[in-house]
Amino acid sequence: MKTTFTITAKELLGVQAKIKYLRAKEKEVATRLREICENETKSINGYTYKQFERKGPVIYTNIPELKDVDLDKYRSDAIIAWRLSYQEQFEDI
Numbered sequence: 004m005k006t007t008f009t010i011t012a013k014e015l016l017g018v019q020a021k022i023k024y025l026r027a028k029e030k031e032v033a034t035r036l037r038e039i040c041e042n043e044t045k046s047i048n049g050y051t052y053k054q055f056e057r058k059g060p061v062i063y064t065n066i067p068e069l070k071d072v073d074l075d076k077y078r079s080d081a082i083i084a085w086r087l088s089y090q091e092q093f094e095d096i
């Protein structure tokens, strides 16, 4: 179990590191493309790069009428998530 866990945990951390690298690379390339487009919508050879805007989230704490309202009863079901971390100084459990 320990060996399988460790191998799988290392694999997951490796995938997460690649995703982090690719997100940074995506941001870098998108910035470069924006510069090429001079921050304007461009369509060339079938590719269209277009800026769009979406509304930001509502900040409920800024609404005075909701100050004393328990918003938890209006929430949808909780989201279950897992997070893996690695700290070399700890021994295996």
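Numbering (this note's numbering), first residue to last: 4 to 96.
Each residue gets a CB set at the ideal place from its N, CA and C atoms; glycine is no exception.
This structure is a prediction, so every number in the text was calculated from the model and none was measured.
Legend entry - Residues near Y63 in its chain [Cβ-Cβ closer than 7 Å; skip 5 each side]: L69, L74
Legend entry - Contact check, L125 vs A12, beta carbons under 9 Å: The structure shown does not extend to residue 125, since the chain is modelled only from 4 to 96, so the question has no answer here.
Inset, instruction - Assign T44 to one of three DSSP states: helix, strand, or coil. - result: coil
Legend entry - Same chain only: Cβ atoms within 7 Å of L36, ignoring 5 sequence neighbours per side: Its chain contains Y52 as the residues whose beta carbon lies nearer than 7 Å to that of L36, once the 5 sequence neighbours on both sides are disregarded; these appear in chain order.
Inset, instruction - Could you say which of E56, C40, I66, G59 lies nearest to Y50 if we only look at CA atoms? - result: Distance from the Cα of Y50 is smallest, within the candidate group E56, C40, I66, G59, for C40.
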